[in-house]
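Enquirer:
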Amino acid sequence: MSTKKEIWVYAEQENGKLAGTVFELLSEGRKLAKKSGFTLCAVLPCADGKPMHQELFNYGAKKIYNVEDPKLDTYQNDYCAKVVHTLIESEEPEIVLYGASTIGRSLAPTVAVMGWAGLTADCTELDFDTEREILLQTRPAFGGNIMATIICPDHRPQMATVRSNVFKKETVGDAETGEVVDVTVDLSGIRERMKRIDSVVEEVNTVDLKAADFIVSGGRGVGGPENFDKIKALANVLGGAVGASRATVDAGWISHHHQVGQTGKTVCPLIYIACGISGAIQHLAGMQSADLIIAVNKDADAPIFDVADFGLVGDLHEIVPEFTKQIQALKA
Amino acid sequence: MNIVVCIKQVPDSDKVTIDRETNRLNRAGVPSIINPFDENALEMALQLKDKHGGKVTVLSMGPPQAEEALRTALSLGADEAILVSDRKFGGADTWATSYTLSLALKKIEDPIDLILFGKQAIDGDTAQVGPGVAHFFGVPMITYVKSCEVIDSGFKVQQVTDHGYNVWEIEKPAALTVVKEANELRMPNLRKKLASKKAVIPTWGYDDLNPEDEKIGLSGSPTKVNKVFAPPIKLNKEILSGEPAEMVKELIFKLREKKVI
Chain H
693 MSTKKEIWVY
703 AEQENGKLAG
713 TVFELLSEGR
723 KLAKKSGFTL
733 CAVLPCADGK
743 PMHQELFNYG
753 AKKIYNVEDP
763 KLDTYQNDYC
773 AKVVHTLIES
783 EEPEIVLYGA
793 STIGRSLAPT
803 VAVMGWAGLT
813 ADCTELDFDT
823 EREILLQTRP
833 AFGGNIMATI
843 ICPDHRPQMA
853 TVRSNVFKKE
863 TVGDAETGEV
873 VDVTVDLSGI
883 RERMKRIDSV
893 VEEVNTVDLK
903 AADFIVSGGR
913 GVGGPENFDK
923 IKALANVLGG
933 AVGASRATVD
943 AGWISHHHQV
953 GQTGKTVCPL
963 IYIACGISGA
973 IQHLAGMQSA
983 DLIIAVNKDA
993 DAPIFDVADF
1003 GLVGDLHEIV
1013 PEFTKQIQAL
1023 KA
Chain U
758 MNIVVCIKQV
768 PDSDKVTIDR
778 ETNRLNRAGV
788 PSIINPFDEN
798 ALEMALQLKD
808 KHGGKVTVLS
818 MGPPQAEEAL
828 RTALSLGADE
838 AILVSDRKFG
848 GADTWATSYT
858 LSLALKKIED
868 PIDLILFGKQ
878 AIDGDTAQVG
888 PGVAHFFGVP
898 MITYVKSCEV
908 IDSGFKVQQV
918 TDHGYNVWEI
928 EKPAALTVVK
938 EANELRMPNL
948 RKKLASKKAV
958 IPTWGYDDLN
968 PEDEKIGLSG
978 SPTKVNKVFA
988 PPIKLNKEIL
998 SGEPAEMVKE
1008 LIFKLREKKV
1018 I
């Protein structure tokens, strides 16, 4: 295998705005670049790249493959896959990372089968084995019941998708520089098999789990939809957001926008308070990278206590209102 | 309209546990189910058939017992079922699985208008086979679809995004992966359930699909499992119990000590 010793981050953008995950991937990519000695690069299919370059450099990209075409302003799978595949064929990178967004999870598997690349979905940890020169890609499987480290020994590039909020973003500086490589990929021969005719942004009440510093989550132990008020009250007094386990969402107690876990959102708050959540690992997969985890549960053997920093064994219906009261008193 | 729904039989992951001593999954006695997202894909197909007529075929790749999942799909209203199964296909990752399924689709005689998948399977959670099959089979693909209506040129679909949804027009034949909020599932029909027990389900193996050897099974799979382990446990934890007011007081004291609140 003679490849170029580059690590690529797919710089997902729409209408000139980069997705937040790109910066998380670049931040993590820097660590991999340092360990491997490879060059960290961003691949930017877009209509007008220049306004986005500085930010990509600031997060550690040393080189940007800038591919401009009016057809690339918003995402279309056929066009973007063609661009990334063409670049991979000519530049032969070692590693390509994508955000596990709607876009990344459509694009990456397409690109993987266009060549013969290995692809690992939803990694929660990436590392580089310097001896074998391969990427170690760790991810939960079987609903998060086990962790598996996946490798791709004989095919290149090694590709992975990573969910948002798994890695922390960190800039290198605010005036970093690097190389811009302008590349043209001819898209004129691709028939337009699908066309986006509208894009709707929904105002999903005020649940912003991904940005919250504090999250108070309720599970089956909450007992019913009306009791979520206790969870909400604690979240309010902390200035945080309300999360929920899959069981409560499936039971219709709260909307799926609140769901934390492998099939819901991945969150990374300063404090995560799990109330009446037993800790099915599919839930843990969505919150265990929180800085500090507090678990409230009646059952002292509940698996949620395995990942908690603080565990309160008792009835959440007494503990949560008490917690709210004492925080209120503290703030008064 | 001919619709093919690709389904996967999976262990009910809520009931799978791990043995922390051996790092192995305790799978004994865990029931097998149709991957829940695939049920929504099947329901979407059945609703389109109810409205526009046509035929729904279910296709599954797996060991011989995956036939059970196909029978369940027949009892819900699918017209035909095909099992793709061969020891030589074993150990396939998403790349090799996508390739093998695409060969099965090419072997289906009636021209296909629509191929549906669940958005991901709950055992592997990769969401990669739908897009992979679409490319190998040569049709355009949209992921995370919550609604699909038939229009002259093909289909008009809504795709769930991180902030709302996109509306696409996609020509036929097309491939879509379907999310849970797409629909409510129907119950099995008693008459169909009885018929499904007797239905003859063809099995297509290596000789039927005539694949390139290096693209199937383990040899066709770029990714390998290097290591499997139990999720880590936190060691420095503090467990409090007793009177709620006292516990909370102690907790708040410790949180303030750590300067997190």
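Chains as they are written, first to last, in the numbering used here: chain H, 693 to 1024; chain U, 758 to 1018. C-beta: ideal position from N, C-alpha, C; glycine also. Just so you know, these numbers come straight off a predicted model, no measurement behind them.
From the DSSP output, read off the bridge partner residues of Glu837 of chain U.
Expert: According to DSSP, Glu837 of chain U bridges with U:Thr814.
Enquirer: Between the C-alpha atoms of Ile1018 of chain U and Asp880 of chain U, what's the straight-line distance to the nearest angstrom?
Expert: Near 38 Å, if we compare the C-alpha coordinates of Asp880 of chain U and Ile1018 of chain U.
Enquirer: By Cβ distance, which residues of its chain are closer than 7 Å to Gly974 of chain U, with the 5 residues on each side in sequence left out?
Expert: Closer than 7 Å at Cβ, skipping near neighbours: Lys845, Phe846, Gly847, Gly848, Ala849, Ala853.
Enquirer: Report the start-end ranges of each beta strand (DSSP E) in the stretch 913 to 986 of chain H that is 3 residues or longer and not cut off at the edges.
Expert: With a minimum length of 3 residues, the continuous beta strand (DSSP E) runs that stay inside the stretch 913 to 986 of chain H are 933 to 936, 963 to 967.
Enquirer: If you draw a straight line from the alpha carbon of Ile990 of chain U to that of Pro1001 of chain U, how long is it in whole angstroms?
Expert: Distance between the alpha carbons of Ile990 of chain U and Pro1001 of chain U: 26 Å.
Enquirer: For the stretch 880 to 906 of chain U, which segments carrying the alpha helix (DSSP H) assignment without a break, of at least 4 residues, lie completely within its bounds, in sequence order?
Expert: For the stretch 880 to 906 of chain U, whole alpha helix (DSSP H) runs of length 4 or above, ordered along the chain, are 886 to 894.
Enquirer: Note down, one range per segment and in chain order, each alpha helix (DSSP H) of at least 4 residues found wholly within the stretch 954 to 982 of chain U.
Expert: Counting whole runs of 4 or more residues, the stretch 954 to 982 of chain U contains the alpha helix (DSSP H) stretches 963 to 966.
Enquirer: By the DSSP assignment, the beta strand (DSSP E) with Phe912 of chain U in it spans what residues?
Expert: 911 to 917 is the extent of the beta strand (DSSP E) around Phe912 of chain U.
Enquirer: So Ala904 of chain H is in the beta strand (DSSP E); what residue range does that whole segment cover?
Expert: It is not in any beta strand (DSSP E) - Ala904 of chain H carries neither H nor E in the DSSP assignment.
Enquirer: Let me know the beta strand (DSSP E) ranges lying completely inside the stretch 818 to 851 of chain H, each 3 residues or longer, listed in chain order.
Expert: DSSP runs (the beta strand (DSSP E)) wholly in the stretch 818 to 851 of chain H: 826 to 833, 838 to 843.
Enquirer: Which residues in the same chain have their Cβ closer than 7 Å to the Cβ of Phe1010 of chain U, if we skip the five residues on either side of it in sequence?
Expert: Cβ within range, chain order: n/a, list empty.
Enquirer: Could you tell me which of H:Lys763, H:Arg912, H:Lys860, H:Arg888 sits nearest to Thr713 of chain H, measuring between CA atoms?
Expert: Checked all of H:Lys763, H:Arg912, H:Lys860, H:Arg888; the closest Cα to Thr713 of chain H is H:Lys860.
Enquirer: So with CB distances below 8 Å, who are the chain U contacts of Ala847 of chain H?
Expert: The question names Ala, but residue 847 of chain H is His in the sequence shown. Residues of chain U passing the Cβ test: Pro979.
Enquirer: If Arg938 of chain H and Thr955 of chain H are in contact, beta carbons under 8 Å, what's the gap, nearest whole angstrom?
Expert: That pair is a contact at about 6 Å.
Enquirer: List the DSSP bridge partners of Gly810 of chain H.
Expert: Beta-bridge pairing links Gly810 of chain H to H:Gln850.
Enquirer: Anyone know if the C-beta pair for Val735 of chain H and Leu717 of chain H falls short of 8 Å?
Expert: No, Cβ-Cβ distance for Val735 of chain H and Leu717 of chain H is not below 8 Å.
Enquirer: Between which residues of its own chain and Ile699 of chain H is the CB-CB distance below 6 Å, once the five residues before and five after are set aside?
Expert: Hits under 6 Å: Gly721, Leu724, Ala725, Phe730, Leu732, Ile787.
Enquirer: What three-state label does DSSP hand Pro785 of chain H in the structure shown?
Expert: Residue state, collapsed to three classes: coil.
Enquirer: Quick check on Asp1001 of chain H: buried or exposed, where buried means 16 or more other Cβ atoms within 10 Å of its Cβ?
Expert: The residue in question, Asp1001 of chain H, is buried, as its Cβ has 16 or more Cβ neighbours within 10 Å.
Enquirer: Do three or more CB pairs link the stretch 926 to 936 of chain U to the stretch 893 to 904 of chain U at distances below 8 Å?
Expert: Flag = yes, the stretch 926 to 936 of chain U and the stretch 893 to 904 of chain U touch.
Enquirer: Quick one, are the C-beta atoms of Tyr771 of chain H and Glu706 of chain H less than 8 Å apart?
Expert: Taking 8 Å as the Cβ cut-off, Tyr771 of chain H and Glu706 of chain H do not qualify as a contacting pair.
Enquirer: Alpha carbon to alpha carbon, how far is Ile869 of chain U from Ala830 of chain U? Give it in angstroms, no decimals.
Expert: Distance between the alpha carbons of Ala830 of chain U and Ile869 of chain U: 19 Å.
Enquirer: Expressed to the nearest angstrom, what Euclidean distance is found between the alpha-carbon atoms of Gly953 of chain H and Gly916 of chain H?
Expert: If I take the Cα positions, the gap works out to 20 Å.
Enquirer: Does the Cβ of Met944 of chain U have 16 or more other Cβ atoms within 10 Å, making it buried, or fewer, making it exposed?
Expert: Result: exposed.
Enquirer: List the residues of chain H that Asn1006 of chain U touches, going by C-beta distances under 7 Å, in chain order.
Expert: The residue you asked about is not Asn; residue 1006 of chain U is Lys in the sequence shown. Chain H residues near Lys1006 of chain U: Gln1018.
Enquirer: Which residues, taken in chain order from the stretch 788 to 806 of chain H, show a beta carbon closer than 7 Å to some beta carbon of chain U?
Expert: Within the stretch 788 to 806 of chain H, the qualifying residues are Ser793, Thr794, Arg797, Ser798, Pro801, Thr802, Ala804, Val805, Met806.
Enquirer: Where Thr898 of chain H and Pro768 of chain U are concerned, what is the direct C-alpha to C-alpha distance, given to the nearest angstrom?
Expert: Bear in mind that a pLDDT of 49 at Thr898 of chain H, under 50, signals an unreliable position, so the model cannot answer this.
Enquirer: If you run the structure through DSSP and keep just helix, strand and coil, what is Ala1097 of chain U?
Expert: With chain U covering only 758 through 1018, there is no way to say anything about residue 1097 of chain U.
Enquirer: Could you check the C-alpha separation between Pro762 of chain H and Gly708 of chain H for me, to the nearest Å?
Expert: Going by the C-alpha atoms only, they are around 11 Å apart.
Enquirer: Let me know the secondary structure DSSP gives Asp874 of chain H once reduced to three states.
Expert: Strand at Asp874 of chain H.
Enquirer: Where does the unbroken beta strand (DSSP E) through Met801 of chain U begin, and where does it stop?
Expert: Careful: Met801 of chain U lies outside any beta strand (DSSP E), inside the alpha helix (DSSP H) at 793 to 809.
Enquirer: If you draw a straight line from the C-alpha of Lys765 of chain U to the C-alpha of Ser904 of chain U, how long is it?
Expert: In a straight line, the C-alpha of Lys765 of chain U is about 21 Å away from that of Ser904 of chain U.
Enquirer: Relative to the C-alpha of Asn993 of chain U, which candidate in H:Leu984, H:Glu868, H:Asp921 has its C-alpha closest?
Expert: Considering only alpha carbons, the answer is H:Leu984.
Enquirer: Once DSSP output is grouped into helix, strand and coil, what is the label at Gln658 of chain H?
Expert: Coverage of chain H is limited to positions 693 through 1024, which leaves residue 658 of chain H absent and any answer about it impossible.
Enquirer: What are the residues that DSSP puts in a beta bridge with Thr934 of chain U?
Expert: According to DSSP, which records beta bridges pairwise, Thr934 of chain U is partnered with U:Phe874.
Enquirer: Using DSSP bridges, identify the partner residues of Lys991 of chain U.
Expert: Bridge partners of Lys991 of chain U: none, in fact.
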